[in-house]
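Asker:
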Amino acid sequence: MPELPEVETVKETLKRHLIGLKIVKVITPYPNIIKMRLEEFKNKVTNQKITGINRYGKYLFFELEDYTLVSHLRMEGKYFIRKSLGEVTKHEHVIFELDSGDCLSYHDVRKFGTMELVLKGEEKQLESIKKLGYEANQSKIDYDKLYELIHKSTRPIKAVLLDQTILTGLGNIYVDETLFLSKIHPAELASNLSKEEVVTILKNAKIVLDKAIKLGGTTIRTYQSSLGVDGRFQNELKVHTLAGKLCQVCNDVIIKTKVGGRGTYFCPTCQKRK
DNA sequence: ATCTATGCCTGGTGGC
DNA sequence: TGCCACCAGGCATAGA
Numbered sequence: 563m564p565e566l567p568e569v570e571t572v573k574e575t576l577k578r579h580l581i582g583l584k585i586v587k588v589i590t591p592y593p594n595i596i597k598m599r600l601e602e603f604k605n606k607v608t609n610q611k612i613t614g615i616n617r618y619g620k621y622l623f624f625e626l627e628d629y630t631l632v633s634h635l636r637m638e639g640k641y642f643i644r645k646s647l648g649e650v651t652k653h654e655h656v657i658f659e660l661d662s663g664d665c666l667s668y669h670d671v672r673k674f675g676t677m678e679l680v681l682k683g684e685e686k687q688l689e690s691i692k693k694l695g696y697e698a699n700q701s702k703i704d705y706d707k708l709y710e711l712i713h714k715s716t717r718p719i720k721a722v723l724l725d726q727t728i729l730t731g732l733g734n735i736y737v738d739e740t741l742f743l744s745k746i747h748p749a750e751l752a753s754n755l756s757k758e759e760v761v762t763i764l765k766n767a768k769i770v771l772d773k774a775i776k777l778g779g780t781t782i783r784t785y786q787s788s789l790g791v792d793g794r795f796q797n798e799l800k801v802h803t804l805a806g807k808l809c810q811v812c813n814d815v816i817i818k819t820k821v822g823g824r825g826t827y828f829c830p831t832c833q834k835r836k
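Residue numbers (this note's numbering): 563 to 836.
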């Protein structure tokens with residue numbers, strides 16, 4: 563599941579291949595990925611040059627000459643670059659043919675991903691983008707403001723950290739890792755946390771994300787490697803996916819539970835509830 | 001404000 | 001081996 567580090571990696575990889583290329587044709591074997599009128603999407607995108615690629619939280623922005631293509635990979639979305647438009651495989655849903663002859667192909671087993679198009683510069687007016695909170699890896703973190711936001715919540719801290727309107731970029735993997743490093747129980751109510759603890763969590767979130775970006779993200783639950791999604795952070799995981807294994811810090815057994823409806827891994831000794 | 005349920009989806013898993 | 005119910009989960013939306 564691509565979270566901020568995976569999307570960042572994809573962005574950097576795509577940039578190296580796509581900047582300056584023009585989209586000459588769009589093929590949509592499964593058009594439901596596109597969240598607007600299909601013909602309009604195709605007409606507007608065709609003949610547009612890719613001028614840049616940006617990211618905010620888990621969203622990718624393909625900058626075109628007149629529009630911005632907003633893409634979210636959700637659970638299993640991946641981009642591939644193919645050398646030519648050959649046979650379309652099972653999970654390829656949107657294919658952009660480029661003037662170089664290469665094709666940018668969007669692949670998504672679960673079909674949860676989304677694409678939409680807005681006029682250039684208007685992406686921040688999309689409801690989904692407008693409401694996003696601070697990026698969890700940004701260098702200047704307003705601890706006072708975030709503490710205020712987090713502390714007033716009566717939800718489990720894990721649910722708060724997954725809430726993209728408060729902090730954006732963290733998903734299930736990195737929240738589990740962040741809380742482990744912070745020695746905080748995922749089900750602890752956010753309102754029970756001291757300012758010091760919240761600051762620790764925020765600092766650890768950044769540490770985890772920065773390290774994951776450096777390693778090219780985490781590859782789990784993916785069935786094949788893809789462009790930019792073949793990271794090495796899975797070797798650094800301390801709790802996520804490690805139920806039954808021993809905690810590296812205290813040797814207790816890591817357990818899996820559910821918090822806020824999500825599969826959650828933690829160490830019951832290192833991460834005690836208050 | 002927050003919770004739960006539902007929908008979007010398919011592949012993997014466990015039970016028989 | 002095959003069939004099937006069930007689960008994973010980011011996000012939107014609806015209703016409690």
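Ideal placement from N, C-alpha and C gives every residue a C-beta, glycine not left out.
Which of the three DSSP states is assigned to ARG794 in this structure?
Answerer: Three-state result, ARG794: coil.
Asker: Does DSSP classify ARG578 as helix, strand or coil?
Answerer: It is helical.
Asker: Pick helix, strand or coil for PHE603, following the three-state DSSP scheme.
Answerer: Helix, per DSSP.
Asker: Could you tell me which of ILE691, LYS745, MET637, TYR592 sits nearest to PHE828, measuring between CA atoms?
Answerer: Selected option, being the one with the closest Cα: LYS745.
Asker: Can you give me the C-alpha to C-alpha distance between GLN786 and ASP706, rounded to a whole angstrom?
Answerer: Legend: pLDDT at GLN786 = 45, less than 50; position of this residue unreliable, no value from coordinates given.
Asker: Between GLU565, LYS768, LEU723, which has its C-alpha nearest LYS702's C-alpha?
Answerer: It is LYS768 whose Cα lies nearest to the Cα of LYS702.
Asker: Comparing C-alpha positions only, which one of ASN616, ILE596, LEU729, GLU739 sits nearest to MET677?
Answerer: Taking only the C-alpha atoms, the option nearest MET677 is ILE596.
Asker: Please determine, among ASP738, ALA749, LEU771, SER753, the residue with the shortest C-alpha to C-alpha distance to LYS800.
Answerer: Cα-wise, what sits closest to LYS800 is ASP738.
Asker: Across which residues does DSSP place LYS611 in a beta bridge pair?
Answerer: Its beta-bridge partners are LYS584.
Asker: Report buried or exposed for GLN610, applying the criterion of at least 16 other Cβ atoms within 10 angstroms of its Cβ.
Answerer: GLN610 comes out buried.
Asker: From the DSSP output, which residues share a beta bridge with MET677?
Answerer: Bridge partners of MET677: ILE596, SER633.
Asker: Cα-Cα, which of ARG644, LYS652, ARG672 is closest to GLU659?
Answerer: The option with the nearest alpha carbon to GLU659 is ARG644.
Asker: DSSP three-state call for HIS802: helix, strand or coil?
Answerer: DSSP places HIS802 in coil when its eight states are reduced to three.
Asker: Considering just the uninterrupted stretch of the beta strand (DSSP E) at LYS640, what are its terminal residues?
Answerer: Where LYS640 is concerned, the enclosing beta strand (DSSP E) stretches over 639-644.
Asker: Could you give the distance in angstroms between the alpha-carbon of LEU622 and the alpha-carbon of LEU723?
Answerer: So the two alpha carbons sit approximately 21 Å from each other.
Asker: I need the DSSP call for PRO567, collapsed to helix, strand or coil.
Answerer: PRO567: helix per DSSP, three-state reduction.
Asker: Under the three-state reduction of DSSP, which class applies to LYS704: helix, strand or coil?
Answerer: The sequence shown places Asp at residue 704, not Lys. Note: ASP704 maps to coil in three-state DSSP.
Asker: Measuring alpha carbon to alpha carbon, tell me which residue in ASP661, ARG636, MET563 is nearest LEU580.
Answerer: Closest by alpha carbon: ASP661.
Asker: Going by DSSP, what residue range makes up the beta strand (DSSP E) through VAL656?
Answerer: Counting along the chain, the beta strand (DSSP E) containing VAL656 begins and ends at 654-660.
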